[in-house]
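Worksheet: one structure, shown below.
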C-alpha cells in the first residue's frame, strides 16, 4: 500500500521539492518523528491520499525503522528527476535537490587578521560557484593584496560538500558527465628587481564520492613568496595584480546561455593599459597564464591565454610576449621596445594608422578580395586581438617616456642627441621653402622625419583553421635609431619598416607580401643641419590561384610584382642648398585570360618610370669668383658626404 501510494506521481507533475537550507536539519532528523506524521509534512500533496489508507492499526504492523527506510527510498525516487514524459521538461536546481551543504575552510601559513578573514569569506563564496569565482578574479586578488607585505607563503582552501536526494547511481552519472567538462587555470608569477619571486595559483575541482554519496567541490589559493618583500615591492605587486585581475575577469566571464558555460573572450574588452604604470624600480617582470576547457574530450573547446612582460635595465629594453589560443583562432604578438624615448603623438598616430592599413591589405588580398578570408566571425576575432596589440604598443611607449624622465642620464643623452636633430629635421621639412619633399608624401605611411618614440620591434600574427583551408595574416612594424659622431659632425640615422604577409599555410598556394621602408640619415655641425638623406621603398608581391577540377590542381590566376622608390639628398653648406630628388616605379602584372586554357593564355602588363631632378640654390657667383670660398665649400661638402656615407 505504501508503495502504491508513493508511486502515484500525478499530483507531483508541476510541484517542486522545497529545499532544506538549515544545515542542522537533515532528512534523517525528520524521520525521527512518527511515520504517520512525517509523510504528509514532507509531501503535503499526498496527505489526502495517504491519510485514509494509512491507519494506526496498519502502521503498527511495521517497526519505525522499517517505515523510515521505505519512506526514504521512495522519497529518493520521487525527488530524482524521473524519466516520465510529464516531468521531463523540468530540471531541478541544485538548491531544490540539496539536503545538506557543508562548507569547510583550511589554511596553512595564513596570518590571522581581519584581511585574512575577508579572504576566507571570498574563498567560501567562490567554492559555491567555481565558474563565477574565476570571473571575479580581481576581487580575489584584491583581498589577497590586502594581507600586506609580511604575509609569506601560504595555502588557503575551501570545500563544499553537498548531500543530495539523488541516489548514488544517478548522482554519479550527473557528476561524471560534467566534472571533466571544465578545467580552469590561473597562474601569476611576479619577479622583483631584487630577485624575489611571488607565485599565485588558483586550483579548483569538482568530484563525487560514490561511497559517501556526496559531491565535493574545492577551490584553493596558493601564494608563495621566495624572498622577503618590502612595502614598496608589495605596493608594486598589488598594481600588477589589479591589472591582471581585470583581464582575468573578462577571460573567465560566465555565459548566461545554456549551450555554453563561457562567454567568448572579447579581446577588445581586455587591455594592457596597466603596463604604462609598471613600477620598474621595484619589479622586473611577470608571467600570466589563463585557461578553460569546455565539452567532451573529443569535441572540447580550449581557450588559453599566456603572456609575459619583463624589463632589462642593463640593456634598457622591455619585452612583451602574448599568445592566445581559442580553438580555431590563434593570436600571437611580441613587442620588444627600448626604455628610452619621448612623447611624439603625431608619429604614434602614423604608426597606428600604418598598422591598420597593412592589416586591412593583408586580410583582403586573398583568393576572394571582396571579403575577408577569415569570415565574419574570424575577422572580428582578429580585429579584437589587433586592438589589444595596438593598445599594448601604446602603453609600452608611454612606459618608455616615463622611464626616460626618471632616468636623468638617459634623458640628457636623448635630449642632446636624437631630440635635437629631430627638431632640426622637422623645421627644415616643415618651414624651409626650398624643401621639395620625398616623392608623393601620401605614399609614405610611416611619416617623414625622425621619430622621438622609443625604438621597437613589434609583430602580430593571426591564424585560423577553417577546415579545408587555413588563412594566416602577419603584420610587423619596427623602428631602429643610431647616433654617430666624428670630429665636428654628429648625426642620427633611423629606419622605419612596416610589412604584412598573408597565406593559407600550405592549404592553397595564394599569398600576399607587402613591405614599406623609410630610412633617414643626418649630419649636424655647430647645431645646424648640414646634411639630410631620405629613402623610401614600397614592394608588393602577390599571387592568386584557381583550382582546375579536371587536372585536380591549382593553376595561376594572377601574379603581380610592384616596386616604388623615392630618394632625396640635401646638403646645406654656407647657405648653398643642393638637393637631388629621384623617383622610380616598376610594375609587372600577369593575368589569366580564360578560366580554363593553356598555360600561356595570359595578359601581361608592364610599366616602368624613372625621373631625377637636381636643384642648386645659393650665391653661385661667389663660388665661381672666389677660389678660397669654392675650396672651403668643396672641402666641407666632401667631409659631410664621407660622414653620411659611413653611417648608411
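Residue numbers (UniProt numbering): 1 to 648.
No residue lacks a Cβ here, since even glycine has one placed at the ideal position from N, Cα and C.
Predicted model, so just to flag it, every value in this text is computed and none were measured.
C-alpha distance - residue i paired with residue j, whole-angstrom precision
i: residue 108; j: residue 146; result: 18 Å
i: residue 614; j: residue 532; result: 15 Å
i: residue 269; j: residue 349; result: 21 Å
i: residue 576; j: residue 636; result: 12 Å
i: residue 274; j: residue 341; result: 18 Å
i: residue 642; j: residue 322; result: 44 Å
i: residue 328; j: residue 465; result: 5 Å
i: residue 389; j: residue 111; result: 40 Å
i: residue 402; j: residue 279; result: 10 Å
i: residue 228; j: residue 306; result: 27 Å
i: residue 604; j: residue 509; result: 21 Å
i: residue 355; j: residue 372; result: 17 Å
i: residue 557; j: residue 502; result: 17 Å
i: residue 290; j: residue 339; result: 28 Å
i: residue 593; j: residue 514; result: 25 Å
i: residue 106; j: residue 155; result: 8 Å
i: residue 520; j: residue 476; result: 20 Å
i: residue 134; j: residue 539; result: 47 Å
i: residue 383; j: residue 358; result: 13 Å
i: residue 153; j: residue 285; result: 20 Å
i: residue 86; j: residue 361; result: Here the model assigns residue 86 a pLDDT of 44, short of 50, so the residue's position is not dependable, and the following value carries that caveat. One C-alpha to the other measures close to 58 Å.
i: residue 622; j: residue 633; result: 11 Å
i: residue 493; j: residue 522; result: 6 Å
i: residue 639; j: residue 436; result: 24 Å
i: residue 353; j: residue 443; result: 13 Å
Per-residue burial, residue i [other beta carbons within 10 Å of its own, 16 or more giving buried]
i: residue 630; result: exposed
i: residue 461; result: buried
i: residue 375; result: exposed
i: residue 351; result: buried
i: residue 281; result: exposed
i: residue 119; result: buried
i: residue 150; result: exposed
i: residue 649; result: No answer is possible for residue 649: it lies beyond the span of the chain, which begins at 1 and ends at 648.
i: residue 406; result: exposed
i: residue 653; result: Given a span of 1 to 648 for the chain in the structure shown, any question on residue 653 remains unanswerable.
i: residue 197; result: exposed
i: residue 620; result: exposed
i: residue 528; result: exposed
i: residue 377; result: exposed
Reduced DSSP secondary structure (H/G/I, E/B, other) of residue i
i: residue 147; result: coil
i: residue 587; result: strand
i: residue 376; result: helix
i: residue 313; result: coil
i: residue 423; result: helix
i: residue 435; result: coil
i: residue 529; result: strand
i: residue 523; result: strand
i: residue 280; result: coil
i: residue 206; result: strand
i: residue 229; result: coil
i: residue 507; result: coil
i: residue 485; result: strand
i: residue 636; result: helix
i: residue 621; result: helix
i: residue 469; result: coil
i: residue 662; result: The first residue shown for the chain is 1 and the last is 648, placing residue 662 beyond what the model contains.
i: residue 9; result: Here residue 9 scores only 37 on pLDDT, less than 50, and its place in the model is too uncertain to base an answer on.
Contact belief for residue i with residue j at Cβ below 8 Å, rounded distance in angstroms
i: residue 448; j: residue 534; result: 7 Å
i: residue 219; j: residue 123; result: 6 Å
i: residue 334; j: residue 459; result: 5 Å
i: residue 456; j: residue 478; result: 7 Å
i: residue 649; j: residue 517; result: Outside the displayed range of the chain (1 to 648) lies residue 649, so it cannot be described from this structure.
i: residue 559; j: residue 590; result: 4 Å
Same chain, Cβ closer than 6 Å to residue i, five either side skipped, listed in chain order
i: residue 548; result: 555
i: residue 484; result: 491 and 647
i: residue 303; result: 292 and 326
i: residue 507; result: 469 and 470
i: residue 200; result: 188 and 223
i: residue 609; result: 585
i: residue 330; result: 463
i: residue 495; result: 480 and 519
Residue i: CB within 7 Å of a non-hydrogen atom of the ligand NAD
i: residue 427; result: With respect to small molecules bound, the structure shown includes none, and the ligand NAD cannot be examined in it.
Cβ-based neighbour list, residue i, same chain, cut-off 7 Å, excluding 5 preceding and 5 following
i: residue 277; result: 239
i: residue 226; result: 196 and 197
i: residue 249; result: 135, 136, 137 and 138
Own chain, CB closer than 8 Å to residue i, minus 5 neighbours either side, in chain order
i: residue 144; result: 119, 200, 221, 223 and 241
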